[in-house]
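Contents: one structure, followed by commentary.
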Amino acid sequence: MFLSIEPNAVEAPVAVERHYVTAPPAPSVQTLEQMTRKNIGCVSCHTESDQKTMHSSSAVNLACVDCHGGDGSISIDAGIGRDNPHYTELRDAAHVLPLYPGETDFPSSRNPERSYTLLNHESPEYVRFINPSDYRIADEACGACHQAIINAAKTSLHATGAMFWGGAAYNNGILPFKNYILGESYDRNGEATTIKGPVIPAELRSQVATAGILPELLPLPAWETVKPGDIFRVFEGGGRNITNLFPETGNPNSLGLIQRLEEPGRPDIRQSNRGPGTGGRISVPLINLTKTRLNDPLTWFMGTNDQPGDYRNSGCASCHVVYANDRDPAHSGPYAQAGHTGQSQTVDPVISKEESGHPIKHEFTRAIPTSQCMVCHMHQPNMFVNSYLGYTMWDYEADAPTMWPEQQQYPTAEEIREINDRNPEAAAARGNWGDLEFLKQVSELNPQLNDTQFADYHGHGWNFRAIFKRDRDGNLLNADGKIVADDDPDKFDKAVHMSSIHLDAGMHCTDCHFSQDNHGNGHIYGEVALAVEIDCVDCHGTALEYPNLYTSGPAALGGGTDLLSASRTPDGRLRFEWIGGELIQRAALDPELEWVVSLVRDSVDESHPQYNAKAARAKLMSKDTETQAWGDATDASNLAHTDSNMECYSCHTSWTTSCGGCHLPIEANWMTERHHFEGGISRNFATYNPQVLRDQIFSLGRRSPANGGKIAPVRSSSALVLSSTNANREKIYIQQPPIAASGYSSQAFNPHFPHTVRKTETKTCSDCHLSASNDNNAIMSQLLLMGTNFINFIGYNAWVGGDGGISAVQVTEWDEPQAVIGSYLHQYAYPDWFNDHLEEQQILQTSHQHDAGTVQCLQLRGEYLYVAQGSQGVQVYDVASIANKGVSQRIITAPVSPLGQDAQIATANATCIALPAGQPVHPPRNEGDLMREDNQELPFHPIYNYAVVTDSEEGLILININTFADGEPRNNYLERALTWNPGGVLDGARHVTVGGHMLYIAAAQGLVVVDLDKPFAPELVAVVPMDGVRASALQFRYLFVTNAAGLQVVDVTNVQQPTLLQDNTIALDEAYRVYVARTYAYVAAGADGLAIVDVKQPDQMKLLQKFSGGESDQGNFIPLRDSRDVVVGTTNASLFAYVADGIGGMKVLQLTSPSSQPKFYGFSPAPKPVIIAHYPSEKPALSLSRGLARDRGVDETGEQIAVFGRKGSRPLNQDEMQSLYLDSDGNPWFVNDQRDNAN
């Protein structure tokens, strides 16, 4: 995978010889006469300037050379033109010149594009000349007046990026520390340094101990020497041919030459013949952190200065010097008129007004627009503040006809490299937005767009789509909650754009986050939430008290900051002032703008003009679930929603960005630059490819104890799947999720302030409690992080179990975007390949098989396929090389003889296998004091060590499968851990559903419920009598069961007393497997095809349709003939079903798309199925592997599955979950969103 680089393989930047004079530190005080004398030479060219000292205060007397260095005594005589060689000679003598003129657009003064680590290699004198506020040199240029702020800024998260480095390392299994230890910092000469926090005063030590403050941060180690956190098979020991990357003494790689020959069809895939941290047996995500543009550059570096939304400088100027990035006045305020291409409006005649990369003016400001913040805060690892503006990342499908070229693009390697240097999305090389001129115009296309509206900023070269108010079915809604028609030409003007109400009021980020949040308090933090000093209550108060206007957030040490008397706007006005009983706040950017701050205490006071009955009901609701009494009479100790237990924005969040993962495929055959630390060019590069981007997912969890431990919204957070293509273009692993350092799944979640506060479009009672109409079962499952099976990731292959074999069927393209073959996105992103697919009668062309028994159940997890194959028992197949073109047999029982690996368990008749977590996990990692005390992790439930097997004769079998997640190939042997079938209760067992430690088993006697809270002592809970039970699917309180009658529902709210709901059957002649995705159940109905059932109200199911196939647009009739199993997943913005169609093979159905279902952005839009591809298998297709669950962080018994990336944060436990819907007697209680009167 990795090869060493010859020293001259790539031309390195060339330094020229310079002799520098180091300027003295800038003075804190000098006279106007002294300043004027120093400026004589400078003003002979720069005859005008916006602010001669960069400061708006006339009290500041600083000469140009005080800040920049250079020689201010050199003047140019009037009349010498700039094309005169003498002018050039004098200019160069007066200026400080770069060591690397070829890298800096010299002699232009514009910020160079994508400079990254160039600043680390340039001379300090030149760095000071181009930007005196750069952190490498700011001590000398600015420290006389601002040293304390500079020190704080260097240790702030804006500079260190500690949450990004630390979170990525922990969530992806590289380092086991939630007290993060990595950060970015440099000295005057650009050398990476350790960052140490300040000495903590004695009076603050007790507070600091629990505040999440870190003692120090270390530089990121070089990836070439870091052992892999991943347990993929290529990183196991036993390699032969890949040696260490570094010269070694002695003869450490002595192997016989015969042993080093590659076997045809069976290449050596192991990445080193040595130990971890040698050869290619290293931490690949570390390469991505330093090379792939994720959330970088941060404030130690300039912005990339190459596209709208990416223009800025480094250091203090990152924020305090404004660049033109966004033409939307709501985002840029008065700076919007400057455009979005980084061009200057300075009065300085020497500065070009045509080229990009210049600040708007030569001046510092504290009136910083949100558009400046968005240069960095527009990506998942960097807080994703797009939501404040009402935008999220685009998904490649909305308005695809406009965004993709009519003719399929086949970019050259040079074109790909040029685009991916700006934009890490691989798809950009094929799309229109890869063209910078098109990108600049994207927002101008909005009037002609049908599916969405785009923002005017494009950080990283990305597109951001607007979020609009919708109901759960996906209908657009106006401000009154009325439906806006899909074909209304003015629909986006009528629908509510879901930006924050603070933005709508004219507020910018700096109107909430003042100096203490932006510069930091001098201490080192590893988490953004802990480094914030402001809190909602500081300005808005609570239901019981008015605000005291002192900051009270986690970083408010020593009593917080006085906002009332000590905080002023940039123009000197008091920021806050009480006038006539109202709290007034004045805007930072607009001297004419001020507003009355909403006070919670007034909103719940019935006698006050600002009284809001909806707000009062929520804030004064009692804990009495029977009466649900509310009002002033409610005692403070009896309030249900207290500020001490839940964040205000748990309710006031209107929507939450939801990232359903991203794909980082690394490729060895790219020579690319490191963006951090020492820089340099080396092999390997990974693109960054978002996969599913939704805005309807709302979940709750607990913040860390350091942040109050409050209930807060939780978002999915940058869950990765990783792929690797080696130098021979062999895909040595594909779409593999890592395992977190804690052993949890890396499908990460985090408590999060979504920045989408609104007054009307808030969460309502039925978003968090059982609805009186019982129509929010899926909403509750999502709320509690149990998942909804809607955004599951199927991936490159659909895994099909048949009568006599298993197949991996390629269902997507490999290139990005990885469109499902035959889909709407496929048609626009790859029109040539789409037409080829049609010419091939929509038949999928690529598959790989292996003989097996009768496969009624199979499940892919990581690089292993777990298969129940009837009389042949249970087999775990090695599928690590499923996409490796160098491997002849892609699916194998073992890479060696059974003496070296035996992944088979003999059973009488294995009918089904299920994994408690389909996401890769490894419980043994989550043990010891480091995990329990330092990292504050919850322990795994022991059920997660096992695979659950049903056998029609032997009953229940447990198999410990941890051996396949420990990275050690020499212990890959399976043994039974338990066989259980008391009294034959599980005779005829044919299917099992796992919900936490509860099992729901289809057996001859009916539905058998078994409790595995103690895995070696199963408890028979109940048997629900049914005829011909075939399968089940669990969603929160209800189990959907297929049997001889069709589809029925069992209420498992009280799992100890499961109850079959009467008069609630969808009659079907044949009902095999069932899959529930949000509010629809998909039943494989044999000869009737696919039965789609509306289960929004599980106790009142409705048959939506029976789909048995149909005629395609090309006239091909593709029927569903013998449907046995179905799974559903989301790719980009569309929903797909994959059907195991028995004798008909495997079929792919597109359920939603922008063309078939304009409501596709809804929580659960009605499916509009159409068959887009099929695979006619030789053997009847009976079963399918479920996709990777990307919205599931906890199971139905309250046990955590996925990592929470912030120390001490967690999902709600079972008791906390049940308090939202069960009373003290364990009975469900219900809510109505309609207000009743206070009582």
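Numbers 3 to 1241, taken from this note's numbering, label the letters of the sequence shown in order. Virtual Cβ for every residue (Gly too), placed ideally from N, Cα, C. These numbers come from a predicted model, not from an experiment.
- Rounded to whole angstroms, the gap between the alpha carbons of THR909 and ASP953 is 7 angstroms.
- By the criterion of a C-beta distance shorter than 7 angstroms, LEU451 is surrounded in its chain by ASP401 and THR404, once the five residues flanking it on both sides are discounted.
- When the Cα atoms are used, ALA742 and GLN921 turn out to be separated by approximately 11 angstroms.
- Segment contact: the segment 931-942 against the segment 857-867, fewer than three CB-CB distances shorter than 8 angstroms; contact not assigned.
- If one requires a minimum length of 4 residues, the alpha helix (DSSP H) runs lying completely within the segment 148-213 are 159-162, 164-173 and 207-210, in chain order.
- By the Cβ-count criterion, ALA224 is exposed, with fewer than 16 other Cβ atoms from all chains shown falling within 10 Å of its own Cβ.
- In this structure, the CA atom of MET1148 is about 56 angstroms from the CA atom of TYR337.
- The Cβ atoms of LEU1153 and LEU1122 lie no closer than 8 angstroms to each other.
- When DSSP reads this structure, SER501 sits in no beta bridge, so it has no partner.
- GLN1202 is positioned such that its CB atom lies no closer than 8 angstroms to that of SER720.
- In this structure, the alpha-carbon of LEU917 lies about 42 angstroms from that of MET376.
- Rounded to the nearest whole angstrom, the CA to CA distance from GLN53 to GLN149 is 22 angstroms.
- Between the segment 628-640 and the segment 703-716, the count of Cβ pairs shorter than 8 angstroms is below three; the stretches do not touch.
- Beta-carbon to beta-carbon, VAL67 and LYS40 are separated by about 6 angstroms, close enough to satisfy the 8 angstroms threshold.
- With contacts defined by Cβ atoms closer than 8 angstroms, TYR735 and SER747 do not form a contacting pair.
- Residue state for LYS40 is assigned as helix, using DSSP reduced to three classes.
- In the structure shown, PRO331 adopts helical secondary structure according to DSSP, grouped into three states.
- Here PHE755 has TYR651 as same chain residues with Cβ atoms under 7 angstroms from its own Cβ, once five neighbours each way along the sequence are excluded.
- About 13 angstroms separates the Cβ atoms of ALA1047 and TYR1074, ruling out a contact at the 8 angstroms cut-off.
- In the DSSP assignment, THR1044 falls within the beta strand (DSSP E) that extends over 1040-1045.
- Assignment of LYS761 by DSSP, reduced to helix, strand and coil, places it in the coil class.
- The alpha-carbon separation between GLU205 and VAL486 amounts to approximately 59 angstroms.
- Secondary structure of ASP1096 (DSSP, three-state): strand.
- Spanning the alpha carbons of PRO984 and ALA1005 requires a straight line of approximately 13 angstroms.
- In the three-state DSSP reduction, ILE215 falls in the strand class (E or B).
- Annotated as proximal: ARG676 and LYS293, with beta-carbon spacing under 8 angstroms.
- Setting aside the 5 residues that flank it on each side, THR280 is surrounded in the same chain by ASN246 and SER274, each with a C-beta closer than 7 angstroms to its C-beta; the list follows chain order.
- Burial state of PRO491 is exposed, judged by a 10 Å Cβ sphere holding fewer than 16 other Cβ atoms.
- Its Cα nearest to that of PRO925, the residue ASN962 stands out among ASP1096, ASP1029, VAL599 and ASN962.
- Only residues of its own chain outside the window of five on either side were considered, and among them ASN1118 have a CB closer than 8 angstroms to the CB of GLN843, listed in chain order.
- Secondary structure at ILE1068: strand, using DSSP grouped into helix, strand and coil.
- Here MET782 has PHE1038 as same chain residues with Cβ atoms under 6 angstroms from its own Cβ, once five neighbours each way along the sequence are excluded.
- In the structure shown, the three-state DSSP call for GLN906 is strand.
- Residue state for THR394 is assigned as strand, using DSSP reduced to three classes.
- Per DSSP, the unbroken beta strand (DSSP E) holding GLN738 starts and ends at 733-738.
- When DSSP assignments are scanned along the segment 17-74, no uninterrupted stretch of beta strand (DSSP E) that is 3 or more residues long falls wholly within it.
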